[in-house]
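Going by the numbering used here, 78 is the number at position 78 of the sequence shown; the sequence numbering is gapless. No residue lacks a Cβ here, since even glycine has one placed at the ideal position from N, Cα and C. Reading through the structure tokens given below for one structure.
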Amino acid sequence: MSEFGPDVIINNTAYLHPSALIYGKVRLEKGVSLWPYTVIRAESEEVVIGEYTNIQDFVMIHVGASTGTIVGSHCSITHHCTLHGCTIGDNCLIGINTTIMDGCVIGNNCIVAGHSFLKEGTVIPDNSIVMGTPGKVVRTQNNYARCRLNAFMYYRNALAFTRGEHREWVSDDCLKEVQSEIDKLQKEQAPLEQQA
């Protein structure tokens, strides 16, 4: 992947679409997928994408004036999002066409509804559902299982796309594996809810 430049580190990603553009100091961890027309630029600070996170079609990730962009593991950054100098925890789903600005910090297990706008410096606690312009917490619930499942499905899809297979989600094998993953994630989430 030398075409991305000397400061781009790619650690055993699942799928990088040929149209994905990456510039500057960027690190992609194991299992990451970049879908069509994603753009990541890090001319000053650093961008890090955590394990098994998917960056979906037309997402733009950039750094802030003094803040990098860090995305945790098992996240789904959905279509047309803009992340700009923010930090996102593990197991989060960022809804379609959302913008998250400089200095924002989103905790673990969060869902940000589509078309939300999080202004500079917004801090969102763990286990939140966020919506609106400006984005605000509208409910607290543990979204661990839901967000991990979405990331799991995108990981499977990424591996299938690497093989040239574009209908993974309707395959019998995938449907069985998804049900097994749902059962596993619900068992993992139950103790987390008791701790809260």
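Non-local beta-carbon contacts of V48 in its own chain, meaning distances under 6 Å to residues more than five positions away in sequence, involve R27 and I70 in chain order. The alpha carbon of W169 has as its nearest neighbour, out of D183, L149, Q186 and S73, the alpha carbon of L149. Non-local beta-carbon contacts of A65 in its own chain, meaning distances under 6 Å to residues more than five positions away in sequence, are absent. A distance below 7 Å between beta-carbons, with the five flanking residues on each side excluded, links E181 to the following residues of its chain, in chain order: L149 and F152. In the structure shown, Y23 falls within a strand segment according to DSSP collapsed to helix, strand and coil.
Taking C-alpha positions only, V32 is separated from G95 by approximately 18 Å.
Secondary structure in the segment 121 to 175: the alpha helix (DSSP H) runs of 4 residues or longer, each lying completely within the stretch, are 144 to 162 in chain order.
Excluding five sequence positions before and after Q141, the CB atoms of its chain that fall closer than 7 Å to its own CB belong to N127 and I129, given in chain order. Here V59 is buried. Its C-beta has 16 or more other C-beta atoms within 10 Å. If the five residues before and after T13 are omitted, its C-beta is found closer than 6 Å to the C-beta atoms of L28 and V32, all from its own chain and listed in chain order. Distance from the CA atom of Q179 to the CA atom of I111, rounded to whole angstroms, is 22 Å. The C-alpha of H166 lies about 38 Å from the C-alpha of T122.
Shown here, I182 sits in a helix according to DSSP, grouped into three states.
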